[in-house]
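Undergrad: Note that the protein sequences, when read in sequence, are chains A and B.
So the number in the working numbering is just where the residue sits in the first sequence, counting from 1, plus 94.
So the number in the working numbering is just where the residue sits in the second sequence, counting from 1, plus 260.
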Amino acid sequence: MKWIFVRLIRSVLTALIVISLTFFLMRLMPGSPVEMTYYHYITVLRLDPEQAKMLVKASFNIDLDSPIHVQYLNYMYNLFTRGDLGKSLTRGSPVIEIISNDLPWSVFTLSIAIFSSFLLGILLGSFLAYRGGIIDKIFTQFFTILSCIPSYIIGIFLIFILILQLRMFPSGGRVSLGVKPGFTLEFIADVLWHAALPTLSYLLVYLGGWVISMKGSAISVLGSDYVLAAEARGLKKRKIMQSYVMRNAILPLFTSLMISLGYMFGGAVFIENLFAYPGIGYTLMWALNNRDYPLLQGILNIIILAIILSNLVADLTYSMLDPRVRRGESA
Amino acid sequence: MITKKIIKVRTPKLLITLAKRKSSLFGLVILVSFFLMATLGVEAIPQESLKRNPAKSLLPPSLEHPLGTDYAGRDIFAQIVHGSRSVLVISFLGAFFIVLISSIIGLISGYTGGIIDKIFMMITDIFLTLPGTVLFIVLAAILRRVDVITFAFLLSVTGWAGLARSIRSQVLTIKERAFVEAASVLGLSKLHIAFNEIMPNMLPYIGVSFSFSVLNCLYQTVGLFFLGLTCEGVGVTNWGMMMNNALARGVFLLNPIGMIYLFTPIAFITLFILSIVLIAGTREIFNPSLREEE
Chain A
95 MKWIFVRLIR SVLTALIVIS LTFFLMRLMP GSPVEMTYYH YITVLRLDPE
145 QAKMLVKASF NIDLDSPIHV QYLNYMYNLF TRGDLGKSLT RGSPVIEIIS
195 NDLPWSVFTL SIAIFSSFLL GILLGSFLAY RGGIIDKIFT QFFTILSCIP
245 SYIIGIFLIF ILILQLRMFP SGGRVSLGVK PGFTLEFIAD VLWHAALPTL
295 SYLLVYLGGW VISMKGSAIS VLGSDYVLAA EARGLKKRKI MQSYVMRNAI
345 LPLFTSLMIS LGYMFGGAVF IENLFAYPGI GYTLMWALNN RDYPLLQGIL
395 NIIILAIILS NLVADLTYSM LDPRVRRGES A
Chain B
261 MITKKIIKVR TPKLLITLAK RKSSLFGLVI LVSFFLMATL GVEAIPQESL
311 KRNPAKSLLP PSLEHPLGTD YAGRDIFAQI VHGSRSVLVI SFLGAFFIVL
361 ISSIIGLISG YTGGIIDKIF MMITDIFLTL PGTVLFIVLA AILRRVDVIT
411 FAFLLSVTGW AGLARSIRSQ VLTIKERAFV EAASVLGLSK LHIAFNEIMP
461 NMLPYIGVSF SFSVLNCLYQ TVGLFFLGLT CEGVGVTNWG MMMNNALARG
511 VFLLNPIGMI YLFTPIAFIT LFILSIVLIA GTREIFNPSL REEE
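(1) Between A:Met352 and chain D, is there a C-beta pair that is closer than 8 Å?
(2) Relative to the C-alpha of B:Lys450, which residue among B:Ser369, B:Leu323, B:Leu534 is closest?
(3) Using CA coordinates, which residue listed in A:Phe202, A:Val201, A:Arg176 is at the minimum distance from A:Ile190?
(4) Just grab the DSSP bridge partners of A:Pro188 for me.
(5) Counting along the chain, where does the alpha helix (DSSP H) carrying A:Lys246 start and finish?
(6) Would a check of beta-carbon distances place B:Met502 closer than 8 Å to chain A?
(7) Taking only the alpha-carbon atoms, compute the straight-line gap between A:Gly186 and A:Pro244 and give it to the nearest angstrom.
(8) Is B:Gly483 close to chain A? Criterion is C-beta to C-beta, closer than 8 Å.
(9) Identify whether B:Asp330 lies in helix, strand or coil by the three-state DSSP scheme.
(10) Are the C-beta of A:Tyr412 and some C-beta of chain B separated by less than 8 Å?
(11) Under 8 Å: do the segment 470-480 of chain B and the segment 338-357 of chain B share three or more Cβ pairs, one atom per stretch?
(12) Specify, as a first and last residue, the run of the alpha helix (DSSP H) that A:Pro292 falls within.
(13) For the segment 306-323 of chain B, enumerate the residues whose C-beta is nearer than 8 Å to any C-beta of chain A, in chain order.
(14) Of all the CB atoms in chain A, is at least one closer than 8 Å to the CB of B:Ile386?
(15) Helix, strand or coil for A:Asp142, going by three-state DSSP, please let me know.
(16) Does B:Pro391 come within less than 8 Å of chain A when only Cβ atoms are used?
(17) Using DSSP with H/G/I as helix, E/B as strand and the rest coil, what is B:Asp385?
(18) Using a Cβ-Cβ cut-off of less than 9 Å, give me the residues of the segment 240-259 of chain A that come near chain B, in sequence order.
(19) Could you tell me whether the segment 295-309 of chain A touches the segment 329-349 of chain A, using the rule of 3 or more Cβ pairs below 8 Å?
(20) Could you please give the first and the last residue of the uninterrupted alpha helix (DSSP H) stretch that includes B:Ala506?
(21) With a 10 Å radius around its C-beta and 16 neighbouring C-beta atoms as the bar for buried, classify A:Ser105 as buried or exposed.
(22) Could you tell me which chain A residues have their CB closer than 7 Å to the CB of B:Tyr479, listed as they occur along the chain?
(23) At the level of alpha carbons, what is the spacing between B:Arg425 and B:Ser363?
(24) DSSP three-state label for A:Asp196, please.
(25) With a cut-off of 8 Å, does the C-beta of B:Phe546 fall near any C-beta of chain A?
(26) Are the C-beta atoms of A:Asn367 and some chain B residue less than 8 Å apart?
(27) Would B:Tyr331 be called buried (16 or more neighbouring beta carbons within 10 Å of its own) or exposed?
(28) Quick one: Cα of B:Gly518 to Cα of B:Asp335, how far?
(29) For B:Val398, return the contacting residues in chain A, with the cut-off set at a CB-CB distance below 7 Å.
(30) Report yes or no: is there a C-beta of chain B within less than 8 Å of the C-beta of A:Met379?
(31) Starting from B:Gln430, trace the alpha helix (DSSP H) in both directions and tell me its first and last residue.
(32) Could you tell me whether any Cβ in chain B is nearer than 8 Å to the Cβ of A:Ile313?
(33) Mind checking which residues open and close the alpha helix (DSSP H) that includes A:Gly360?
(34) Which residue marks the beginning of the alpha helix (DSSP H) containing A:Lys331, and which one marks its end?
(35) Verify whether the separation of the beta carbon atoms of B:Glu492 and B:Arg404 is less than 8 Å.
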């Protein structure tokens, strides 16, 4: 139990450090976003300095008059007591509201894609390890190359074939205009229809990596003594594969699955912008292009928190699956 | 010492092994032609062909324009060639920085152990929680006027941590082997053991990591420009921008010639990926012990 406690504390500390990093990044970088916004208010919107400071305070949760460490403490205080990430410069609403509006859509598409690519990858990977021969060679090569192709190129091909040539899918958005939200068949079908292409591209992006690592893992398990023993006992190859090899080979992949759930939003930036699918990655680019820095900072923090959380979950669940880890350090 | 001799022999052998494998030779040829394109090609093709010229818009491929022209009358091949330099330099420089930082950190951390190891790994863990691609895009977009070297450095800042960790764990296993023990019995300095005894044994791994870092840097750089962000220090013409323009203008919807503009950069990126995969895929290039068996 002590181990879990230490791990928890470490995650909280990491979160604190990283969120502080983004704060100082936004505050102290050359041409700092905070200053840029301040001067933007003065020169472009022609506000007087006092008014500009008030607006900066409202949107960034930063009081420019106070020294930096006070600003920092205030920011952290607001963040942790009220979940206050400041106000969006361009949309006027609180950042946390915008994020909680966009995040579910990204989670929806990405998690479906990651879980299904994981399942497919495990099946294909163990099949290739089991099968061997020329089929294995060809498909391994294919999946290696697939895993190296950038997501946006996969996305472009999907757009080109499925949207432009076959006109099968919509060219953007979450739902069609005029479809009312609710638990109706029409709405659900429409949501799935809009999410199909982003999801399919994520699936293709992640699939190659899962297949290759599952195959590698399965092959290393195939070489172990208990598999040899099972073979000597005359068990069928299929049986050995299912109950001896696959189960053990999935174990190391499971951690990667948990971790990739945290890092998934990184991939969302390209795909969501390509398909004009309004999720967290789409809003991130919107914030960048419109220089909406409080929103940007908020999204960065949420993405980082997701990563820290997934790393924590990966560590904890893995130790449940494999008791050997619990004793050692997390290295 | 002994290892030094191995390094001396290794260099020409590396090329020989590379040449022996048909697939990696093929990859090497592609890569070399990319470098020729980025060095000689950029000098050979004048800047004028990058200028907008509405009269020449959407010409089919011809002798004068090998891949035709885009919607604004710019030569597509010239854009590919001029765009190749920044992409290549950033990818390789970025990967170099990544490998350099992570080898130093991983080596020191794994070999010295103790408190230094703890501190280094704490820093590494913090960097590991940063979302690499996202942070890179944000930094590059905020800093706008970055030159190629800063650009590559940004890539490495967000990308070194994972590799540092795995190099450290490799060092931990190599450290236990007999020749390292022998070297420390001989009284050689820690620095010497780390860099002259352990490091050469890591080369195969570092080599493969380097090539995949190149791909990763390429992926992020092109992606940044593909999103429509620009960096003044890096130059306007590059492959990501071409794809962005082609998609944003949507010319290829109306005119099939417009498709050339969209698919040329994709083809060149794929070719580049292929060359790196072919070279790196043959592990024995970097690993003399595997090579002997052939």
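Using N, Cα and C, we set each Cβ at its ideal position, and we do this for glycine too.
TA: Based on what the coordinates show:
(1) As a matter of chain content, chain D is missing from the structure shown, whose protein chains are A and B.
(2) It is B:Ser369.
(3) A:Arg176
(4) A:Lys181
(5) Before going further, note that residue 246 of chain A is Tyr rather than Lys in the sequence given. It spans 245-252 - the alpha helix (DSSP H) in which A:Tyr246 sits, taken as one unbroken run.
(6) For B:Met502, no CB of chain A lies under 8 Å from its own CB, so it is not counted at the interface with that chain.
(7) A:Gly186 and A:Pro244 have their C-alpha atoms spaced approximately 35 Å apart.
(8) yes
(9) coil
(10) no
(11) yes
(12) 279-316
(13) none
(14) yes
(15) coil
(16) yes
(17) When DSSP states are grouped into helix, strand and coil, B:Asp385 belongs to the helix group.
(18) Cys242, Ile243, Pro244, Ser245, Tyr246, Ile247, Ile250, Phe251, Ile253, Phe254, Leu258
(19) A contact is defined here as three or more CB-CB pairs under 8 Å, and the segment 295-309 of chain A meets this definition with respect to the segment 329-349 of chain A.
(20) 499-509
(21) buried
(22) Pro244
(23) 9 Å
(24) helix
(25) Because the pLDDT at B:Phe546 is just 48, under 50, the model does not fix this residue reliably, and the value given afterwards should be weighed accordingly. With 8 Å as the cut-off, B:Phe546 does not count as an interface residue toward chain A.
(26) yes
(27) buried
(28) 12 Å
(29) Residues of chain A passing the Cβ test: Leu382, Leu390, Leu394.
(30) yes
(31) 421-435
(32) no
(33) 341-368
(34) Per DSSP, A:Lys331 belongs to the alpha helix (DSSP H) from 331-334.
(35) In this structure, B:Arg404 lies closer than 8 Å to B:Glu492 by Cβ.
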